[in-house]
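J.: Protein chains in written order, with the working numbering: chain A, 36 to 384; chain B, 36 to 384.
First the structure, which I've put down as structure tokens, then a few questions once you've had a look.
Take a look at the structure:
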């Protein structure tokens, strides 16, 4: 399978490393991947015989400008070149997310699907803004759109809702979808420190970003919840349809008080669908020790689906970091190669 | 898709009911199921136009002998008739389990796969005794073998290990795989009653069987662990390779003592694979409150996989009863129709 990668940041590089490390395992299953394009804004590499990945990783350790790569690097190799030159069967999209326009990823995804190229994207932007349109494009062009990485990385939220709930109707989605805030809440409880102090710890450990707004105000959770709702409940909601509250006001006192009641505060993203009325919220909820989400601590994430015929399903996990994120892209790739039809007309589970 | 059912007990009947209830949802996805055979030991029904399911359900409420069914019932319609007459694309096998010989299901599954018929089985016997052989038959005849129902019913243990861990190596499997013993342990703790009394409660509620030996001696857990290990770790183990201890010796005192330490006793089925050495056990383990299996109480089941690149994944759920079991058969059917290649040469995740 001839694959191209757009974007070569942390996740992109981890994906290349996985292609090296997993080559023998993949070949055993008959999956032979040639990486023939790598595109960055500064230039790209095209090698129709397959880029030497080990050599590439060594090169990019000291040089970020791909156009200087001796075997096929050029500043003229960009997305238009790839679309014109063709030859690629699957694109892995890992450019940075833009939640207002979805660009440049939205254009990349659309054009590739239109050209009959499978797409796996780690980018929430296009998925949250235009999933239905992109899915229809995939269906009409008989290719797949893999989005597993966009809603929890290694945590298989999309797979669980789509594959494990196949044939059942999902009536609610409840999730702890943001590892950073979950880590902060645990730090506050364990070390009896304020929100601000716990946030600083998270930043020092590289768990929270320098600008943590999206995480702590609840928007990262809201974005993931939005994607899950639209994909698994066949809706076309937007962020505006979600009531969103962040975690910044929580105090150690409140956490301690909850603990005495056998409860914990968690930032819960929740969608309830009842007789076609859909209610969505992201807010701190005091959950009971009997709740399967109660024990989801630290950087862990989880989602709980409620269904009519298959009961409840809680999925906990989602190792953080670029390797698990890249591994979730590889998982989509393998499952597409195993024939799974992720992109269908009807999407309800 | 023309389907035949072998066995029409609780799960078989619940499956027929689901085909009625879910017909419109399935049609929306382009899945049009005609049930053209139903076989029981006393006789069967064959209607190449598709059996009228609502009519059949009414008929079988008061009559268990299918050969008396006016539209296509006959005592001459048996498995040999089905194989000779053909016309079926998928068989759903729901005959009672025999763990020594696997029969008659083993013959049914083998012959159907050899004839190029997809098989979904709810029957642990053939899967625990001959999975590798059956998988090879499926691969060679380009059909699928669905076994999701055999290792936890609604709990998607096989899907999680195979699909959600695709591309990662599973290094350990730990599961609470038996709802009956888990219910008994919760009853003992909550009501402060002995094992014997809790077992009686479970029997009165229809949760434990009249002969509960397989559950409480750990053999049901061992069987499921064996299937998961062989399928997901590409092993060919047998029950003899598992160290099995039941739950019958546990006392309320021990449970209370554990509780004071923040721990709970759970019947854990466990496989650890380290450098190709596989260790398997089923026994009561005192697990810590931070363990994601800690909160799996009552009739719930769960499995936790550890992997190299995708981290840990815990899946909790598994509603009990014939409808969730039937829904897990329907789930396999849908995922096969969606193209997933469950039966491959190499099976590691």
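Beta carbons are placed, not taken as given, at the ideal position from N, Cα and C, and that holds for glycine.
1. Kindly say whether residue 198 (chain B), judged by its beta-carbon, lies nearer than 8 Å to any beta-carbon of chain A.
2. Since residue 309 (chain B) sits in a beta bridge, which residues does DSSP pair it with?
3. So with Cβ pairs under 8 Å, would you call residue 53 (chain A) a contact of chain B?
4. When the Cα of residue 168 (chain B) is compared with those of B:246, B:84, B:81, B:265, which residue comes out closest?
5. Mind checking if residue 64 (chain A) is an interface residue toward chain C, Cβ cutoff 8 Å exclusive?
6. Which residues in the same chain have their Cβ closer than 6 Å to the Cβ of residue 107 (chain A), if we skip the five residues on either side of it in sequence?
7. Report yes or no: is there a C-beta of chain B within less than 8 Å of the C-beta of residue 73 (chain A)?
8. So residue 45 (chain A) and residue 190 (chain A) are supposed to be a Cβ contact under 8 Å. How far apart are they, rounded?
9. Let me know the secondary structure DSSP gives residue 354 (chain A) once reduced to three states.
10. By the criterion of Cβ-Cβ separation under 8 Å, what are the contact partners of residue 180 (chain B) in chain A?
11. Could you check if residue 125 (chain A) is buried or exposed, using at least 16 other CB atoms within 10 Å of its CB as the buried criterion?
12. Are the region 301-311 of chain A and the region 206-223 of chain A touching, with three or more C-beta to C-beta distances below 8 Å?
13. Mind listing which residues of the region 340-353 of chain A have their C-beta closer than 8 Å to chain B's C-betas, in chain order?
14. Report all residues from its chain with a CB closer than 6 Å to the CB of residue 259 (chain B); omit the five preceding and five following residues, and keep chain order.
15. Which of the three DSSP states, helix, strand or coil, is assigned to residue 128 (chain B)?
16. Is the shortest distance between the beta-carbon of residue 216 (chain A) and the beta-carbons of chain B less than 8 Å?
17. Start and end of the alpha helix (DSSP H) containing residue 221 (chain A)?
18. With distances taken between CB atoms, is the gap from residue 282 (chain B) to residue 319 (chain B) smaller than 8 Å?
19. Cutting at 8 Å between CB atoms, please list the residues of its own chain near residue 200 (chain A), excluding the five before and the five after it.
20. Sort out for me which residues DSSP pairs residue 209 (chain B) with in a bridge.
21. Say whether chain A places a C-beta atom closer than 8 Å to the C-beta of residue 194 (chain B).
22. Return yes when the Cβ of residue 149 (chain B) is within less than 8 Å of the Cβ of residue 176 (chain B), no when it is not.
23. DSSP on residue 37 (chain A), reduced to helix/strand/coil?
24. What in chain A is Cβ-close to residue 325 (chain B), meaning under 8 Å?
25. Run through chain B and tell me which residues come within less than 9 Å of residue 233 (chain A), C-beta to C-beta.
26. So which residues on chain A does residue 358 (chain B) lean against when the C-beta distance must stay under 8 Å?
27. Beta-carbon within less than 6 Å of residue 47 (chain A)'s beta-carbon, same chain only, minus the 5 sequence neighbours each way: which residues are those?
28. DSSP three-state call for residue 134 (chain B): helix, strand or coil?
29. Quick one: list the residues of chain A neighbouring residue 47 (chain B), beta-carbon separation under 7 Å, in chain order.
30. Within 8 Å of any Cβ in chain B, is that where the Cβ of residue 265 (chain A) sits?
31. For chain B, check one thing: does any of its Cβ atoms lie closer than 8 Å to the Cβ of residue 373 (chain A)?
32. With a 10 Å radius around its C-beta and 16 neighbouring C-beta atoms as the bar for buried, classify residue 76 (chain A) as buried or exposed.
33. How many whole angstroms separate the CB atoms of residue 178 (chain B) and residue 151 (chain B), which I take to be in contact at a CB cut-off of 8 Å?
34. Taking only the alpha-carbon atoms, compute the straight-line gap between residue 230 (chain A) and residue 358 (chain B) and give it to the nearest angstrom.
35. Could you check what DSSP says for residue 59 (chain B) in three-state terms: helix, strand or coil?
36. Starting from the C-beta of residue 144 (chain A), find all residues in its chain whose C-beta is less than 7 Å away, skip the five residues before and the five after it, and write them out in chain order.
T.: Inspection of the coordinates gives the following:
1. yes
2. B:312
3. yes
4. B:265
5. Absence of chain C from the displayed structure is noted, the protein chains being A and B.
6. 80, 81, 82
7. no
8. Incorrect: roughly 18 Å between the Cβ atoms, too far for contact.
9. coil
10. Chain A residues near residue 180 (chain B): none, gap ~14 Å exceeds 8 Å.
11. buried
12. yes
13. 344, 345, 346, 347, 348, 349, 350, 351, 352, 353
14. 186, 212
15. strand
16. no
17. 214-226
18. yes
19. 267, 340, 342, 345, 348, 384
20. B:305, B:339
21. yes
22. yes
23. strand
24. 330, 332
25. Here the premise fails: no neighbours, minimum Cβ distance about 19 Å.
26. 344
27. 40, 129
28. coil
29. Per Cβ cutoff of 7 Å: no residues; residue 47 (chain B) is ~16 Å from chain A at best.
30. no
31. yes
32. exposed
33. 6 Å
34. 46 Å
35. helix
36. 128, 154, 156, 161, 169
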